[in-house]
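Peer 1:
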């Protein structure tokens with residue numbers, strides 16, 4: 001497991017502890033616990049623990065101690081407040097870098113040389129996408145995720161409209177690069193609330209996503225993942241169709257089962273007894 005590589009020193013901790021931490025004001029109390037002398041050995045042990053172990057220990061402490069739980073909640077509130085005051089991350093540099101990768105950096109190379117450079121081109125595009133997604137996780141603010149989705153769309157447009165035909169042909173034929181971009185865009189769209197998706201539409205950005213269809217020669221082949229993104233924004237998949245199909249299947253199964261019961265009953269029904277042959281008496285018997 002990866003050790004906890006905290007850059008906070010014991011001196012930093014002891015100074016904050018001696019002057020009083022903001023977290024000490026979480027719960028109003030008439031009785032303050034006596035200040036405890038900083039323990040350097042304990043601090044070093046905490047810093048050496050793996051992050052997951054530290055989290056588990058802290059969770060157990062919070063479950064048994066409401067005061068410790070209040071400290072954690074206060075720290076999380078402070079974190080959210082700090083993040084909300086920060087400006088959203090801008091990703092335009094990635095869009096410009098990818099555009100130059102596709103249109104200018106390999107422009108003077110022959111078709112065969114461009115073909116040989118495709119591995120490097122794939123890496124540049126994929127690394128840019130991964131760097132964007134790393135900074136635009138589901139817990140980041142709306143503006144950051146909005147900018148990330150918009151820049152990924154721009155990069156996709158640069159790919160499908162690439163001026164270098166050899167590079168464009170190889171990327172579309174490969175398929176995996178664009179698949180990665182559509183998967184990431186779907187991930188960002190899924191992380192948005194319905195209100196955030198509505199705001200994305202109001203800003204006119206969703207229309208640009210739809211325009212990717214016309215930018216592609218065959219968007220369902222080149223960027224098939226767009227369909228799921230469109231359904232998510234348009235709210236097409238509401239589950240009602242699946243319920244109707246299930247009801248129809250249940251009705252068909254019921255009719256099939258009743259029909260099979262009739263067929264089985266007919267096969268198991270006893271055959272009618274043959275007609276009794278009438279006895280013919282002789283003249284002697286009758287007399």
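In UniProt numbering, the protein residues as written are 1 to 287. Just so you know, even glycine gets a beta-carbon here, dropped at the ideal spot from N, CA and C. Everything numeric in this text was worked out from a predicted model, so none of it was measured.
1. Smallest Cα separation from residue 198: which of 230, 177, 37?
2. Taking the straight line between their C-alpha atoms, what separation do you get for residue 67 and residue 192?
3. On the three-state DSSP scale, how would you describe residue 160?
4. With burial defined as no fewer than 16 other Cβ atoms inside 10 Å of the residue's Cβ, what is the status of residue 116: buried or exposed?
5. Excluding five sequence neighbours on each side, which residues of the same chain lie with their C-beta closer than 7 Å to the C-beta of residue 183?
6. Pairs of beta-carbons, one from the region 137 to 146 and one from the region 80 to 93, closer than 8 Å: are there three or more?
7. Determine the DSSP secondary structure at residue 225, reduced to helix, strand or coil.
8. Could you name the residues of the same chain whose beta carbon sits closer than 8 Å to that of residue 72, not counting the 5 residues immediately before and after it, in chain order?
9. List the whole-angstrom C-beta distance separating residue 181 from residue 201, where the pair is believed to meet the contact cut-off of C-beta under 8 Å.
10. Using 10 angstroms around the beta-carbon of residue 148, count the other beta-carbons present and answer buried if the total reaches 16, otherwise exposed.
11. Between 49, 190, 50, which has its C-alpha nearest residue 139's C-alpha?
12. Could you spell out the range, first to last residue, of the alpha helix (DSSP H) harbouring residue 54?
13. Measuring only the C-alpha atoms, how far is residue 156 from residue 111?
14. In or out: residue 128 buried (at least 16 other Cβ within 10 Å) or exposed?
15. Which same chain residues, not among the five before or five after residue 160, have their C-beta less than 6 Å away from its C-beta?
16. What are the start and end residues of the alpha helix (DSSP H) that includes residue 121?
17. Any idea what DSSP makes of residue 216, helix, strand or coil?
18. Could you round the C-beta distance between residue 97 and residue 154 to whole angstroms and report it? I think they count as a contact, below 8 Å.
19. What is the DSSP secondary structure of residue 37, counted as helix, strand or coil?
20. In chain order, what residues of the same chain have a beta carbon less than 7 Å from the beta carbon of residue 205, not counting five sequence neighbours either side?
21. Using a 10 Å radius around the Cβ and a threshold of 16 neighbouring Cβ atoms, would you call residue 203 buried or exposed?
22. Give the range of the alpha helix (DSSP H) segment to which residue 102 is assigned.
23. So, are the CB atoms of residue 212 and residue 167 less than 9 Å apart?
24. To the nearest angstrom, how far is it from the Cα of residue 54 to the Cα of residue 176?
25. Can you tell me the Cα-Cα spacing of residue 173 and residue 179, whole angstroms?
26. Taking DSSP as the reference, what is the three-state secondary structure of residue 198?
27. So is residue 123 buried or exposed if we call it buried at 16+ other beta carbons inside 10 Å?
28. Classify residue 80 as buried or exposed, calling it buried when 16 or more other Cβ atoms lie within 10 Å of its own Cβ.
Peer 2: Based on what the coordinates show:
1. As a position in the chain shown, residue 198 is number 198, starting the count at 1. Residue 230 holds the alpha-carbon nearest to the alpha-carbon of residue 198 among 230, 177, 37.
2. Here residue 67 refers to the residue found at position 67 of the chain shown. Here residue 192 refers to the residue found at position 192 of the chain shown. Spanning the two alpha carbons is a distance of roughly 34 Å.
3. Against the chain shown, residue 160 aligns to sequence position 160. Residue state, collapsed to three classes: helix.
4. Here the question's residue 116 lines up with position 116 in the chain shown. By the Cβ neighbour-count rule, residue 116 is exposed, with fewer than 16 other Cβ atoms within 10 Å of its own.
5. Position 183 of the chain shown, counted from the start, is the residue given in the question as residue 183. Cβ within range, chain order: 225.
6. Yes, the region 137 to 146 is in contact with the region 80 to 93.
7. Residue numbering aside, residue 225 sits at position 225 when the chain shown is read from its first letter. If DSSP states are grouped into helix, strand and coil, residue 225 belongs with coil.
8. Translated into the one-based positions of the chain shown, residue 72 becomes position 72. So the list reads 58, 62, once near-sequence residues are dropped.
9. Stepping through the chain shown from its first residue, residue 181 is reached at position 181. Stepping through the chain shown from its first residue, residue 201 is reached at position 201. That pair is no contact at about 21 Å.
10. Locating residue 148 in the chain shown gives position 148, counting from the first residue. Its Cβ being crowded by 16 or more others within 10 Å, residue 148 is buried.
11. Translated into the one-based positions of the chain shown, residue 139 becomes position 139. The shortest Cα separation from residue 139 among 49, 190, 50 belongs to 190.
12. As a first step, residue 54 is located in the chain shown; it is residue number 54 there, counting from the start. Secondary structure note for residue 54: its alpha helix (DSSP H) is the uninterrupted segment 51 to 64.
13. The residue given as residue 156 occupies position 156 in the chain shown. The residue given as residue 111 occupies position 111 in the chain shown. Residue 111 has its alpha-carbon roughly 22 Å from the corresponding atom of residue 156.
14. Numbered from 1 along the chain shown, position 128 holds the residue referred to as residue 128. By the neighbour-count rule (16 or more Cβ atoms within 10 Å), residue 128 is buried.
15. Looking up residue 160 in the chain shown gives position 160. Within the same chain, residue 160 has close Cβ partners 215, 216.
16. As a working mapping, residue 121 is identified with position 121 in the chain shown. Run containing residue 121: 118 to 135, per the alpha helix (DSSP H) assignment.
17. Residue mapping note: residue 216 aligns to position 216 of the chain shown, counting from 1. Of the three classes helix, strand and coil, the one that applies to residue 216 here is coil, per DSSP.
18. Numbered from its first residue, the chain shown carries residue 97 at position 97. Numbered from its first residue, the chain shown carries residue 154 at position 154. A Cβ-Cβ distance of about 11 Å is found for the pair residue 97 and residue 154, leaving them out of contact under the 8 Å criterion.
19. The residue given as residue 37 occupies position 37 in the chain shown. Under the three-state reduction of DSSP, residue 37 is assigned to coil, being neither helix nor strand.
20. Sequence index remark: in the chain shown, residue 205 carries index 205 (1-based). Within its own chain, the residues whose Cβ lies closer than 7 Å to the Cβ of residue 205, once the five positions on either side in sequence are excluded, are 150, listed in chain order.
21. Indexing the chain shown from 1 puts residue 203 at position 203. Exposed, because fewer than 16 other Cβ atoms sit within 10 Å of the Cβ of residue 203.
22. For this step, residue 102 is matched to residue 102 along the chain shown. 92 to 103 is the span of the alpha helix (DSSP H), which, as asked, contains residue 102.
23. The count along the chain shown starts at 1 and reaches residue 212 at position 212. The count along the chain shown starts at 1 and reaches residue 167 at position 167. Against a cut-off of 9 Å, the Cβ pair of residue 167 and residue 212 comes out as no contact.
24. By one-based count along the chain shown, residue 54 stands at place 54. By one-based count along the chain shown, residue 176 stands at place 176. Their backbone Cα atoms lie some 39 Å apart in a straight line.
25. By 1-based counting over the chain shown, the position of residue 173 is 173. By 1-based counting over the chain shown, the position of residue 179 is 179. Spanning the two alpha carbons is a distance of roughly 11 Å.
26. As a working note, residue 198 is residue 198 in the chain shown. Residue 198 carries a helical assignment under DSSP once its states are collapsed to helix, strand and coil.
27. The residue you call residue 123 lines up with position 123 of the chain shown. The residue is exposed, with fewer than 16 neighbouring Cβ atoms inside 10 Å.
28. As a first step, residue 80 must be located in the chain shown, where it is residue number 80. Exposed is the call here.
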